[in-house]
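Chemist: This is the structure I have questions about; it appears just below.
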Amino acid sequence: AAIRARVAAAGGPGRDKKGKKRGKGGGREVVNGHTDAVMCLDWSELQRNVLASGSADHTVQLWDLAGAHGSSVSALTHHDDKVSALAWHPTEAAVLATAGFDQRAAVVDVRAPSALRYWETGADAEAIAWDPFSSHLLAVSSDDGAVRCFDARQPGAPLWTLDAHRTDCTSLSYNSVVPGLLATGSSEKNVKLWSVHDSGSKPRLIATKDLEIGGVFDVKFSPDAPSLLAAGGSKGKLNIGNVLE
2 AAIRARVAAA
12 GGPGRDKKGK
22 KRGKGGGREV
32 VNGHTDAVMC
42 LDWSELQRNV
52 LASGSADHTV
62 QLWDLAGAHG
72 SSVSALTHHD
82 DKVSALAWHP
92 TEAAVLATAG
102 FDQRAAVVDV
112 RAPSALRYWE
122 TGADAEAIAW
132 DPFSSHLLAV
142 SSDDGAVRCF
152 DARQPGAPLW
162 TLDAHRTDCT
172 SLSYNSVVPG
182 LLATGSSEKN
192 VKLWSVHDSG
202 SKPRLIATKD
212 LEIGGVFDVK
222 FSPDAPSLLA
232 AGGSKGKLNI
242 GNVLE
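Structure follows, in structure tokens:
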């Protein structure tokens, strides 16, 4: 069912004094869209018409691209600062992970936004990703250079913390074929490959390389050719390389 139907089932919205529709509690409101810079996006793999966006206005907006495009379906307001990263769960269509400059990561069921779980990231979040082989695991990178892995089933301390880079860890990507293979990128100009697992063992560095694209802003394994890793950087260049080499 579309998010629009979920919002209707959760209760009819009222309106505030500015004329915007507002839901009944749970940190959710139905508005036209963002009022500040959009910082992150993620399509739902399970509901292809659904898009989530995070913004400097501290909100996450949910969009139904099969319906009217002029306004969002719903907004989540559980962050107290800029929302810098988000990711839909790979197997649970209603579950969304978010993280922001309030130094917190959150997992929310968009059907019941008041049912939230939070984790402290210790620094401003840069990127977030679900482990495709252990879908209860959530990795968050931050501007202190660290990657922290949390168990989304329960609040608490990270399962492991990886001091991945000396400066901000701007991006991370799990490989969809090799369990525990994680790529990270940083403004210190290199990309690193790691072996990470949920068994409690310490993450292990496999390789590191300066791709000569300047500070790395994003890395992404190809879903169709998983040995290929794409990276983009501050020099305006895109590097696509085979990690097997």
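For the record, in the sequence shown the residue sitting at position 109 is 110 according to the working numbering, with numbers rising by one throughout.
Yeah, the Cβ is synthetic: ideal placement off N, Cα and C, and Gly gets one too.
A quick note: this is a predicted structure, and the numbers were derived from the prediction, not measured.
Would you report the Cα separation of S75 and A69, rounded to the nearest angstrom?
Modeler: Rounded to whole angstroms, S75 to A69 spans 13 angstroms at the Cα level.
Chemist: With DSSP run on the structure shown, which of helix, strand or coil describes R118?
Modeler: Correct three-state label for R118: strand.
Chemist: What does the alpha-carbon distance come out to for the pair K236 and V96?
Modeler: So the alpha carbons of these two residues sit roughly 36 angstroms apart.
Chemist: Once the 5 residues before and after C170 are set aside, which same chain residues still bring their CB inside 7 angstroms of it?
Modeler: Excluding residues within five positions, the ones whose Cβ falls inside 7 angstroms are E127, S142, S143, G146, A147, V148, T185 and S187.
Chemist: Is it buried or exposed, D164, if we count other Cβ atoms within 10 angstroms and call 16 or more buried?
Modeler: When all chains shown are included, D164 counts as exposed.
Chemist: So for E30, helix, strand or coil by DSSP?
Modeler: A caution first: E30 carries a pLDDT of 45, below 50, which makes its placement in the model too unreliable to give a value.
Chemist: Which value, in whole angstroms, describes the spacing of the CA atoms of A130 and K193?
Modeler: If I take the Cα positions, the gap works out to 16 angstroms.
Chemist: Between the alpha carbons of L230 and D110, how many angstroms are there, rounded?
Modeler: If I take the Cα positions, the gap works out to 31 angstroms.
Chemist: Closer than 7 angstroms by C-beta to K238: which residues in its own chain qualify, once you throw out the five before and the five after it? Chain order, please.
Modeler: Closer than 7 angstroms at the Cβ level, and outside the excluded window around K238, lie I214.
Chemist: Taking C-beta to C-beta, are T122 and V61 nearer than 7 angstroms?
Modeler: No, the pair does not count as a contact, with Cβ atoms beyond the cut-off.
Chemist: Can you give the Cα-Cα distance for E93 and A153, rounded to whole angstroms?
Modeler: So the two alpha carbons sit approximately 12 angstroms from each other.
Chemist: Mapping the DSSP letters down to three states, classify N243 as helix, strand or coil.
Modeler: Of the three classes helix, strand and coil, the one that applies to N243 here is strand, per DSSP.
Chemist: What residues match up with R205 in a beta bridge as DSSP calls it?
Modeler: The partner list for R205 (beta bridge, DSSP) reads S196.
Chemist: CA-CA distance, F102 and H166?
Modeler: Their Cα atoms are separated by approximately 19 angstroms.
Chemist: What would DSSP say about S56, mapped onto helix, strand or coil?
Modeler: DSSP places S56 in strand when its eight states are reduced to three.
Chemist: Could you say which of L77, Q48, T209 and N191 lies nearest to D219 if we only look at CA atoms?
Modeler: The candidate whose alpha carbon is nearest that of D219 is N191.
Chemist: For a test of the three-state rule: what should DSSP assign to A158, helix, strand or coil?
Modeler: Note: A158 maps to coil in three-state DSSP.
Chemist: Taking only three categories from DSSP, how would you classify G237?
Modeler: Of the three classes helix, strand and coil, the one that applies to G237 here is coil, per DSSP.
Chemist: By Cβ distance below 6 angstroms, which residues in the same chain neighbour V108 in space, the five residues on each side in sequence not counted?
Modeler: Contacts found: A98, R118 and A153.
Chemist: For G26, I'd like the list of residues in its chain whose CB is within less than 7 angstroms of its CB, leaving aside the five on either flank, ordered along the chain.
Modeler: Any reading at G26 must be qualified, since the residue scores a pLDDT of 33, below 50, and its modelled position is unreliable; the value itself is stated next. Result list for G26: S115, in chain order.
Chemist: Taking the beta carbon of P159 as the centre, do at least 16 other beta carbons fall within 10 Å, making it buried, or is it exposed?
Modeler: The residue in question, P159, is buried, as its Cβ has 16 or more Cβ neighbours within 10 Å.
Chemist: In the structure shown, what three-state DSSP assignment does Q48 receive?
Modeler: Looking at Q48 - three-state DSSP - the assignment turns out to be coil, as it is neither helix nor strand.
Chemist: Roughly how many angstroms separate the alpha carbons of S56 and H79, rounded to a whole number?
Modeler: In a straight line, the C-alpha of S56 is about 12 angstroms away from that of H79.
Chemist: Spell out the partners DSSP gives R149 in its beta bridges.
Modeler: For R149, which the question treats as bridged, DSSP gives the partners V141 and T162.
Chemist: So, S228 versus N243, is the Cβ gap smaller than 7 angstroms?
Modeler: Contact flag set, yes.
Chemist: Tell me where the beta strand (DSSP E) around K221 begins and ends.
Modeler: K221 -> beta strand (DSSP E) spans V217 to F222.
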